[in-house]
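Asks: Respectively, the protein sequence lines represent chains A and B.
No gaps in the numbering here: position 122 of the first sequence is 121 in numbering that gives the first Met the number 0, and each next residue is one more.
No gaps in the numbering here: position 189 of the second sequence is 188 in numbering that gives the first Met the number 0, and each next residue is one more.
A virtual CB, placed ideally from N, CA and C, is assigned to each residue, including glycine.
It should be emphasised that the depicted structure is a prediction, and the values quoted were computed from it without experimental measurement.
One structure follows; several queries about it will come next.
Protein chains: 2
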Amino acid sequence: MNTAIRRPTFFVSDRTGISAEGMGDALLEQFDDVKFKRATYPFINTPEKAHALVQIINRAAEENGVRPIVFSSIADSNVLQIVKSSQGLHISFFDAFLGELEQELGVSARHSVISRVHNVERYDARMEAVNFALNHDDGVSDKELKEADVILMGVSRCGKTPTCLYLALQYGIRAANYPLTPDDLGTTELPRMVKPYKNKLFGLTIQPERLHDIRQERRPDSTYAALQTCRNEVADAQAMFRTHNIPHTNTTHKSVEELAVCIMQECKLKRRF
Amino acid sequence: MNTAIRRPTFFVSDRTGISAEGMGDALLEQFDDVKFKRATYPFINTPEKAHALVQIINRAAEENGVRPIVFSSIADSNVLQIVKSSQGLHISFFDAFLGELEQELGVSARHSVISRVHNVERYDARMEAVNFALNHDDGVSDKELKEADVILMGVSRCGKTPTCLYLALQYGIRAANYPLTPDDLGTTELPRMVKPYKNKLFGLTIQPERLHDIRQERRPDSTYAALQTCRNEVADAQAMFRTHNIPHTNTTHKSVEELAVCIMQECKLKRRF
Numbered sequence: 000m001n002t003a004i005r006r007p008t009f010f011v012s013d014r015t016g017i018s019a020e021g022m023g024d025a026l027l028e029q030f031d032d033v034k035f036k037r038a039t040y041p042f043i044n045t046p047e048k049a050h051a052l053v054q055i056i057n058r059a060a061e062e063n064g065v066r067p068i069v070f071s072s073i074a075d076s077n078v079l080q081i082v083k084s085s086q087g088l089h090i091s092f093f094d095a096f097l098g099e100l101e102q103e104l105g106v107s108a109r110h111s112v113i114s115r116v117h118n119v120e121r122y123d124a125r126m127e128a129v130n131f132a133l134n135h136d137d138g139v140s141d142k143e144l145k146e147a148d149v150i151l152m153g154v155s156r157c158g159k160t161p162t163c164l165y166l167a168l169q170y171g172i173r174a175a176n177y178p179l180t181p182d183d184l185g186t187t188e189l190p191r192m193v194k195p196y197k198n199k200l201f202g203l204t205i206q207p208e209r210l211h212d213i214r215q216e217r218r219p220d221s222t223y224a225a226l227q228t229c230r231n232e233v234a235d236a237q238a239m240f241r242t243h244n245i246p247h248t249n250t251t252h253k254s255v256e257e258l259a260v261c262i263m264q265e266c267k268l269k270r271r272f
Numbered sequence: 000m001n002t003a004i005r006r007p008t009f010f011v012s013d014r015t016g017i018s019a020e021g022m023g024d025a026l027l028e029q030f031d032d033v034k035f036k037r038a039t040y041p042f043i044n045t046p047e048k049a050h051a052l053v054q055i056i057n058r059a060a061e062e063n064g065v066r067p068i069v070f071s072s073i074a075d076s077n078v079l080q081i082v083k084s085s086q087g088l089h090i091s092f093f094d095a096f097l098g099e100l101e102q103e104l105g106v107s108a109r110h111s112v113i114s115r116v117h118n119v120e121r122y123d124a125r126m127e128a129v130n131f132a133l134n135h136d137d138g139v140s141d142k143e144l145k146e147a148d149v150i151l152m153g154v155s156r157c158g159k160t161p162t163c164l165y166l167a168l169q170y171g172i173r174a175a176n177y178p179l180t181p182d183d184l185g186t187t188e189l190p191r192m193v194k195p196y197k198n199k200l201f202g203l204t205i206q207p208e209r210l211h212d213i214r215q216e217r218r219p220d221s222t223y224a225a226l227q228t229c230r231n232e233v234a235d236a237q238a239m240f241r242t243h244n245i246p247h248t249n250t251t252h253k254s255v256e257e258l259a260v261c262i263m264q265e266c267k268l269k270r271r272f
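Laid out in structure tokens, this is it:
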């Protein structure tokens, strides 16, 4: 088989497709040498949309001369059968497991799409957490630290802000962040402001070389961006974390998702929705 | 069987577990009347961690007198076999599909955990998008609108900010937001500032009653929060969207994920990583 072609791959869902993409990608990443050409089709929740998609999948099969891979997360049996009538290798998460779950649980599944009932509480928890992260980014007061579920501490540009936002959006966690500035460093004493909240602290570190690259983008050739500054700041921050037994992790090789999950686990945080 | 007990449910992964949770939850939501007691175990990537987890699963089985459900996303066959030796109904996404994919693709899968190689480009695209959303939240300049991939437009508190942040984190999309203030409303003319970027606009609307509730929280009993104000503003905004054929959606019953996917689709945006 010609391995140079990119295998057409479809992620199909009756809702957003975010889960089908996530699980499908985890499977595809197990194949190092194969290239995939991805397309996502969300909200496929009617026979009409399913029929239209079948045409698209079949066209991809013909144009590429190879069977597409179709990951699907579709609850409605009728819609699913239409999608499965297309020319593809069908990996259907609902087909594969709903029967087994029905047997185990002793009840029938709905087999119909659930538009997640709008949950006002869920929305409010999320909004509150997002607003918390936005309002308390890089400018914290005592009141705010008191209300925080967790306080991320680290030198400027080590990855605090996106991690706080992800914690808010994904888990409804109120994450404040405390930037360690040169004023705080050069000593292993905890900054006065965060001292009362030691049990909420989580430290982020980073490779000095990577920090240098990031800061260069922002303020080229400044003292702030100099490699030596980065080395000193990171070393001081790490010494502080170690002295006070503050749990910490290195952000250099981690995605925002990995950081968030790692913090949830280390700080034993519970999702708020 | 006693349906009053909450069935212990484990989401187990050698990485973050976010995909296993997403797909597992989609399956569980198909069972309306069953209650589940969820726990996530991320980073189960060694035999030692797997053995420790087996103990936890078996203890849950004994304490609850019912077989736990175990969703797992684990690539390493050895680690997976250990997890599967626990007392549970095992729904293993890798077990179920890797063989089929190997056959179709004509190559072997790695069967080992991939710590997603840190992709600097991916990180940078994401950071840039997050910074873009943060810097351009509710205060836009012409330069910023020019650089935006999409501009979300809507009345105050209709859901623009979390949607922009989610678009940035999940897809690396640069989403600006333009708040429609009373100055902009009362006419169907597009605000001067966004007029040159009509093709990037996406409108958000909301039920006036829900908007009233949200604004009440923020500024109780103000003119801003009054139901009549909310009704007028929403009606004016909708008239503006319709007059200029601006694609739009109602946020009232949608999650942030659904809004983001809907916008990606309607505006034909391509993820930046």
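Exposed or buried, which one is E232 (chain A) when buried takes at least 16 other CB atoms within 10 Å?
Replies: The count along the first sequence starts at 1 and reaches residue 232 (chain A) at position 233. E232 (chain A) comes out buried.
Asks: Can you list, in chain order, the residues of its chain whose CB lies under 7 Å from that of R5 (chain B), leaving out five sequence neighbours each side?
Replies: Numbered from 1 along the second sequence, position 6 holds the residue referred to as residue 5 (chain B). So the qualifying residues of the chain are K34, F35, K36.
Asks: Using a Cβ-Cβ distance under 8 Å, would T15 (chain A) count as near chain B?
Replies: One-based indexing of the first sequence puts residue 15 (chain A) at position 16. Output row for T15 (chain A): interface = yes.
Asks: Listing by chain order, which chain A residues have their CB less than 7 Å from the CB of V106 (chain B)?
Replies: The residue you call residue 106 (chain B) lines up with position 107 of the second sequence. Neighbours of V106 (chain B) on chain A, chain order: F30, D32, V33.
Asks: Report yes or no: is there a C-beta of chain A within less than 8 Å of the C-beta of M126 (chain B)?
Replies: As a working mapping, residue 126 (chain B) is identified with position 127 in the second sequence. Judged by the 8 Å Cβ criterion, M126 (chain B) is in contact with chain A.
Asks: Using only the alpha-carbon positions, how far apart do K194 (chain A) and L184 (chain A) sit?
Replies: Residue 194 (chain A) sits at position 195 when you count from the first residue of the first sequence. Residue 184 (chain A) sits at position 185 when you count from the first residue of the first sequence. Cα-Cα distance, rounded: 14 Å.
Asks: Please report the straight-line C-alpha distance between N274 (chain B) and N57 (chain B), rounded to a whole angstrom.
Replies: No information on residue 274 (chain B) is available, as it lies outside the stretch 0 to 272 that chain B covers here.
Asks: Is the Cβ of F93 (chain A) closer than 8 Å to any Cβ of chain B?
Replies: For the purposes of this step, residue 93 (chain A) is identified with residue 94 of the first sequence, where counting begins at 1. Yes, contact with chain B.
Asks: Could you check what DSSP says for Y223 (chain A) in three-state terms: helix, strand or coil?
Replies: Start at 1 with the first residue of the first sequence, and residue 223 (chain A) comes out as number 224. Correct three-state label for Y223 (chain A): coil.
Asks: So does the region 169-180 of chain B actually touch the region 212-223 of chain B, counting three or more Cβ pairs closer than 8 Å?
Replies: Flag = no, the region 169-180 of chain B and the region 212-223 of chain B do not touch.
Asks: Considering M152 (chain A), what are the terminal residues of the beta strand (DSSP E) in which it resides?
Replies: Walking along the first sequence from the start, residue 152 (chain A) turns up at place 153. Its beta strand (DSSP E) spans residues 149-154.
Asks: Per DSSP, I55 (chain B) forms a beta bridge with which residues?
Replies: For the purposes of this step, residue 55 (chain B) is taken as the residue at position 56 of the second sequence. Answer by DSSP bridge pairing: none, since I55 (chain B) is not bridged.
Asks: For the region 62-90 of chain B, list every residue whose C-beta sits within 8 Å of some C-beta in chain A, in sequence order.
Replies: So the close ones are R66, I68, S72, A74, L88, I90.
Asks: With DSSP as the reference, please indicate the residues paired to P161 (chain B) in a beta bridge.
Replies: The count along the second sequence starts at 1 and reaches residue 161 (chain B) at position 162. The partner list for P161 (chain B) (beta bridge, DSSP) is empty, contrary to what the question assumes.
Asks: With a cut-off of 8 Å, does the C-beta of R173 (chain A) fall near any C-beta of chain C?
Replies: Given the protein chain composition of this structure (A and B), no chain C is represented.
Asks: Any chance you could list the beta strand (DSSP E) runs of at least 3 consecutive residues sitting entirely within the region 175-206 of chain A, in chain order?
Replies: The region 175-206 of chain A contains these whole beta strand (DSSP E) runs: 200-204.
Asks: Please classify E257 (chain B) as buried or exposed, where buried requires at least 16 neighbouring CB atoms within 10 angstroms.
Replies: For the purposes of this step, residue 257 (chain B) is taken as the residue at position 258 of the second sequence. E257 (chain B) comes out buried.
Asks: Beta-carbon of E120 (chain A) versus every beta-carbon of chain B: anything under 8 Å?
Replies: On the first sequence, position 121 is the one that residue 120 (chain A) refers to. Cβ-Cβ to chain B under 8 Å: no for E120 (chain A).
Asks: DSSP puts V69 (chain A) in a beta bridge; with which residues?
Replies: Your numbering for residue 69 (chain A) matches position 70 in the first sequence. DSSP, once it has assigned bridges, lists A:F9, A:H89 as partnering V69 (chain A).
Asks: Using a Cβ-Cβ cut-off of less than 9 Å, give me the residues of the region 200-212 of chain B that come near chain A, in sequence order.
Replies: Under the 9 Å Cβ criterion, the region 200-212 of chain B contributes R209, D212.
Asks: Tell me which residue opens and which closes the alpha helix (DSSP H) that K145 (chain A) is part of.
Replies: Working through the first sequence from its first residue, we reach residue 145 (chain A) at position 146. Looking at the DSSP string, the run of the alpha helix (DSSP H) that includes K145 (chain A) is 141-146.
Asks: Quick one: is P275 (chain B) near chain A, going by C-beta distance under 8 Å?
Replies: Examination of residue 275 (chain B) is not possible in this model, given that chain B is present from 0 through 272 alone.
Asks: Given a cut-off of 8 Å on the beta-carbon distance, is the pair E146 (chain B) and F201 (chain B) in contact?
Replies: As a position in the second sequence, residue 146 (chain B) is number 147, starting the count at 1. As a position in the second sequence, residue 201 (chain B) is number 202, starting the count at 1. No.
Asks: Look at the Cβ atom of F96 (chain B), then the Cβ atom of I90 (chain A), and state whether they are nearer than 8 Å.
Replies: The residue labelled residue 96 (chain B) in the question sits at position 97 within the second sequence. The residue labelled residue 90 (chain A) in the question sits at position 91 within the first sequence. Cβ distance < 8 Å, so F96 (chain B) and I90 (chain A) count as in contact.
Asks: Specify, as a first and last residue, the run of the beta strand (DSSP E) that R37 (chain A) falls within.
Replies: For this step, residue 37 (chain A) is matched to residue 38 along the first sequence. Per DSSP, R37 (chain A) belongs to the beta strand (DSSP E) from 35-40.
Asks: Just list the residues that DSSP pairs N249 (chain B) with in beta bridges.
Replies: Counting from one through the second sequence, the residue named residue 249 (chain B) turns up at place 250. Answer is B:T204.
Asks: Who are the near neighbours of V129 (chain B) in its chain, counting only those whose CB is closer than 6 Å to its CB and skipping five residues on each side?
Replies: Here residue 129 (chain B) corresponds to residue number 130 of the second sequence, with the count starting at 1. For V129 (chain B), where only same-chain residues beyond five positions count, the Cβ hits under 6 Å are A167.
Asks: Going by CA-CA distance only, name the one from A:R218, A:F42, A:H110, A:D32 that's closest to A19 (chain A).
Replies: As a position in the first sequence, residue 19 (chain A) is number 20, starting the count at 1. Checked all of A:R218, A:F42, A:H110, A:D32; the closest Cα to A19 (chain A) is A:F42.
Asks: According to DSSP, is R209 (chain A) part of a helix, a strand, or is it coil?
Replies: Translated into positions along the first sequence, residue 209 (chain A) becomes position 210. R209 (chain A): helix per DSSP, three-state reduction.
Asks: Can you tell me whether A234 (chain B) is buried or exposed? The criterion is at least 16 other CB atoms within 10 Å of its CB, across all chains shown.
Replies: One-based indexing of the second sequence puts residue 234 (chain B) at position 235. When all chains shown are included, A234 (chain B) counts as exposed.
Asks: Thinking just about the alpha-carbon of each residue, which of A:S71, A:P46, A:Q206, A:Q86 is nearest to the one in E61 (chain A)?
Replies: As a position in the first sequence, residue 61 (chain A) is number 62, starting the count at 1. Comparing Cα positions, the closest option is A:Q86.
Asks: Could you check whether G21 (chain B) and G23 (chain A) sit closer than 8 Å to each other, using their CB atoms as the reference points?
Replies: Here residue 23 (chain A) refers to the residue found at position 24 when the first sequence is read from its first residue. Here residue 21 (chain B) refers to the residue found at position 22 when the second sequence is read from its first residue. Contact: no.
Asks: Can you give me the C-alpha to C-alpha distance between H252 (chain A) and F93 (chain B), rounded to a whole angstrom?
Replies: Looking up residue 252 (chain A) in the first sequence gives position 253. Looking up residue 93 (chain B) in the second sequence gives position 94. Rounded to whole angstroms, H252 (chain A) to F93 (chain B) spans 25 Å at the Cα level.
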